[in-house]
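Structure record follows, encoded as structure tokens.
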Amino acid sequence: MSQLVVGLVLAVLAAFLLGGALSLGRQGLRRGAVVTGVLAALALVGAGLYLVPYVLDR
Numbered sequence: 010m011s012q013l014v015v016g017l018v019l020a021v022l023a024a025f026l027l028g029g030a031l032s033l034g035r036q037g038l039r040r041g042a043v044v045t046g047v048l049a050a051l052a053l054v055g056a057g058l059y060l061v062p063y064v065l066d067r
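Heads up: the sequence shown at position 34 corresponds to 43 in our numbering, and the numbers run straight through without jumps.
In structure tokens, the structure reads:
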């Protein structure tokens, strides 16, 4: 159960980071947008690493 919670929290974090990256990109802050986008991608990969095994075990 905790594996599911961690995966979902990481997925929500990735969504917020992606929104932040898009917002920074619209404001012209390219470097901040790239850094935030990389963090969003890492959070999404982390969510996948937690959620895929959880789904496959069911």
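For each residue, glycine too, the CB sits at the ideal point set by N, CA and C.
Cα-Cα separation between residue i and residue j, rounded to whole angstroms
i	j	result
L26	P62	24 Å
R39	V14	32 Å
V47	L33	13 Å
R67	Q36	43 Å
M10	L60	11 Å
L19	L58	10 Å
V54	L65	16 Å
V21	G28	11 Å
Helix, strand or coil at residue i [DSSP, three-state]
i	result
Q36	coil
Among the options, the one whose alpha carbon lies nearest that of residue i
i	options	result
A42	G16, Q36 and A30	A30
A24	V44, D66, L33 and A50	A50
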